[in-house]
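Asker:
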Amino acid sequence: CRRGSSREPFAGLSVDIVEGDLNQPQVLDAAIAGCTAVIHCAAMIHLGWQKFDESRQVNVEGTRAIVEACLRRQCRLIHISTVDTLPTALSLAQPIDESGKGGVANVPCAYVVSKTEAEQLVREACAQRGLDAVILNPGFMLGPYDWKPSSGRMFLQVAKAPVIVAPCGGCSLSDARQVAKACVNAIELAETGQNYILAGENISYRELWRRMLRIADRPKHVAMLGKRITWGGAAIDFFHRWLPIPEGDVNGASIGMSILNHYYDSSKAQRALGYKPQLSDAALAEIWDWLKTHHG
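Here the sequence shown stands for residues 1 to 296, where the numbers follow our numbering.
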């Protein structure tokens, strides 16, 4: 982990911690010495038009460093990508599988572009240099132990907001614990050079937020915005082009992504990796209790 980062996520776990960064080959070599597999899940997530250089430095060059280390040490690489490298679905009835056929192109923001380039780098190393690697594509994950929080921030914000207005798109909801199990199973079970989608229940943001509010016992009406919300995103982008202010979470790219149907088919991972894609209400309640206790 990076120098100065919190050790709280590792409390109670039997792990050896190596401090360093993805741009330090000697540290990577030391970290994976004696290992048979590496699960590479470090990433920078910025859903916006800015921070392309920073995103590429972490997501592409960081992956390049991991690939080189795995080749030197002859380790299997489990590369954690994202469903955002795939097209989005035309409808709920037409989820996207690993072939990426059909659908609508995702928004080419910093995260999408850099993670797509990282995937391509891994594929080329498999095809041309004999790297033993597998690519996993998780969907929208929720789970306990979300220390920042990351995706759990949506749950917290929806529960606390006085007025709820959902965008018209949707996501593929999964339990982070089941995704983690599939990542471990991939070490033994996944086929070299293959992609496996680790998504889940395909659900509109409006229905997801209604479900979150029910679990959190915060009954509220959830209104929905149409696709004209992108006009607001265009206005935000216009001001960012002319004003020297950093790009926030709400921008033209993130708004554009929110109106798309991020619906995916996880059946390949279910068959090959024993993946369980469903996130039950009981599991969602457990996640809410953890988030409320640690971030409420």
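C-beta: ideal position from N, C-alpha, C; glycine also. Given the structure is predicted, the values throughout are model-derived calculations rather than measurements.
Tell me whether the segment 68-76 and the segment 102-110 touch, counting them as touching only if at least three CB pairs, one residue from each stretch, are closer than 8 Å.
Answerer: The answer is no - the segment 102-110 does not touch the segment 68-76, with fewer than three Cβ pairs under 8 Å.
Asker: Find the nearest neighbour of residue 5 within the set 14, 12 and 18, judged by alpha-carbon distance.
Answerer: Measuring from the Cα of residue 5, the nearest candidate turns out to be 18.
Asker: Would you kindly work out how many angstroms separate the C-alpha atoms of residue 24 and residue 30, rounded to a whole number?
Answerer: Each residue's Cα considered, the two are about 10 Å apart.
Asker: Would you call residue 284 buried or exposed, if buried means 16 or more other Cβ atoms sit within 10 Å of its Cβ?
Answerer: The residue in question, residue 284, is buried, as its Cβ has 16 or more Cβ neighbours within 10 Å.
Asker: Is any beta-carbon of chain D found at less than 8 Å from that of residue 147?
Answerer: Looking at the structure shown, chain D is missing, and only one protein chain is on hand.
Asker: Would you mind reading off the limits of the beta strand (DSSP E) that contains residue 195?
Answerer: Unbroken beta strand (DSSP E) run through residue 195: 195-198.
Asker: Using the beta-carbon count (16 or more within 10 Å), is residue 35 buried or exposed?
Answerer: Exposed: under 16 other Cβ atoms inside 10 Å.
Asker: What is the C-beta distance between residue 266 and residue 199, in whole angstroms, given that I count them as a contact (C-beta under 8 Å)?
Answerer: Yes, they are in contact, since the Cβ atoms of residue 266 and residue 199 sit about 5 Å apart, within 8 Å.
Asker: Where do the ends of the alpha helix (DSSP H) carrying residue 289 lie?
Answerer: From DSSP, the alpha helix (DSSP H) with residue 289 extends over 281-295.
Asker: Using the Cβ count rule (16 or more neighbours within 10 Å means buried), how would you classify residue 231?
Answerer: Caution applies to residue 231, whose pLDDT of 47 falls short of 50 and renders its modelled position unreliable; the model cannot decide the point.
Asker: Excluding the 5 residues flanking residue 96 on each side, which residues of the same chain have their C-beta closer than 6 Å to its C-beta?
Answerer: Answer for residue 96: 86, 87, 89, 103 and 264, listed in chain order.
Asker: Considering only the beta carbon of each residue, do residue 262 and residue 171 sit closer than 8 Å?
Answerer: Going by C-beta atoms, residue 262 is nearer than 8 Å to residue 171.
Asker: Along the chain, where does the alpha helix (DSSP H) containing residue 54 start, and where does it finish?
Answerer: Start and end: 52-56.
Asker: In terms of alpha-carbon separation, which member of 125, 115 and 165 lies closest to residue 207?
Answerer: Closest by alpha carbon: 165.
Asker: What is the C-beta distance between residue 66 and residue 187, in whole angstroms, given that I count them as a contact (C-beta under 8 Å)?
Answerer: Contact flag wrong, Cβ pair sits at about 15 Å.
Asker: Of all the options 39, 195, 143 and 184, which has the alpha carbon lying nearest to the alpha carbon of residue 100?
Answerer: Among 39, 195, 143 and 184, the Cα nearest to that of residue 100 belongs to 195.
Asker: Quick one, which of 33, 43, 48 and 1 has its alpha-carbon nearest residue 251's?
Answerer: The residue with the shortest Cα to Cα distance from residue 251 is 48.
Asker: Who are the near neighbours of residue 242 in its chain, counting only those whose CB is closer than 7 Å to its CB and skipping five residues on each side?
Answerer: For residue 242, the predicted structure reports a pLDDT of 47, less than 50, and the residue's modelled location is therefore unreliable. A value from the coordinates is still provided. Here the set comprises nothing.
Asker: Give the range of the beta strand (DSSP E) segment to which residue 171 is assigned.
Answerer: Per DSSP, residue 171 belongs to the beta strand (DSSP E) from 170-175.
Asker: Might you give, ordered along the chain, the residues of its own chain that have their beta carbon closer than 6 Å to the beta carbon of residue 51, omitting 5 neighbours on each side?
Answerer: Within the same chain, residue 51 has close Cβ partners 110.
Asker: Thinking C-beta only, is residue 22 closer than 8 Å to residue 60?
Answerer: In this structure, residue 22 does not lie closer than 8 Å to residue 60 by Cβ.
Asker: For residue 122, does the three-state DSSP call read helix, strand or coil?
Answerer: Residue 122: helix per DSSP, three-state reduction.
Asker: Using the Cβ count rule (16 or more neighbours within 10 Å means buried), how would you classify residue 146?
Answerer: Counting Cβ neighbours within 10 Å, residue 146 comes out buried, since at least 16 surround it.
Asker: Give the range of the beta strand (DSSP E) segment to which residue 310 is assigned.
Answerer: Residue 310 is absent from the structure shown; the chain starts at 1 and stops at 296.
Asker: When you compare each of 93, 42, 94 and 92 to residue 81 by their alpha carbons, which one comes out closest?
Answerer: Per the Cα distances, 42.
Asker: Does the separation of the CB atoms of residue 162 and residue 156 fall below 8 Å?
Answerer: No, the pair does not count as a contact, with Cβ atoms beyond the cut-off.
Asker: Please report the straight-line C-alpha distance between residue 83 and residue 122, rounded to a whole angstrom.
Answerer: Whole-angstrom Cα-Cα distance: 16 Å.
Asker: I'd like the span of the alpha helix (DSSP H) that includes residue 73, first residue to last.
Answerer: Where residue 73 is concerned, the enclosing alpha helix (DSSP H) stretches over 62-73.
Asker: Check each candidate in 7, 117 and 92 and name the one with the smallest Cα separation from residue 56.
Answerer: The shortest Cα separation from residue 56 among 7, 117 and 92 belongs to 117.
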